[in-house]
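Report on the following structure.
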Amino acid sequence: MFELFADDTPNARKISIMLEEIKADYKVTLIDIGKGDQFKDEFKKISPFNKIPVLRNSQTGQSYFESGAILIYLANYFNQFMEG
């Protein structure tokens, strides 16, 4: 299972679209940047630089940052949308 930490931004939406397209098991945790949620200590454990979106693989505990890198990671992980 994956957990997407995000606000309603274009970069987060493209990751949500990818997760839906590959039929991944995931949940979304809202990080309200208008309220400063990205600066809370609990979130800093996941994203040390306070950036969103963040994708966490719950099986490995590994977190991934930067929407483009997350999309490439998911394509490779699920072996979809990448030319072989």
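Numbering (our numbering), first residue to last: 24 to 107. From the three backbone atoms N, C-alpha and C, an ideal C-beta is built for every residue, glycine too.
### Query
Measuring CA to CA, which of V51, M41 and M24 is closest to D31?
V51
### Query
Y100: buried (16+ other C-beta within 10 angstroms of its C-beta) or exposed?
exposed
### Task
Go ahead and pull the three-state DSSP assignment for K37.
helix
### Query
Identify the residues that DSSP records as bridge partners of E26: which are they?
K50 and R79
### Task
Apply the 10 Å Cβ neighbour rule to Q61 and answer buried if 16 or more other Cβ atoms are within range, or exposed otherwise.
buried
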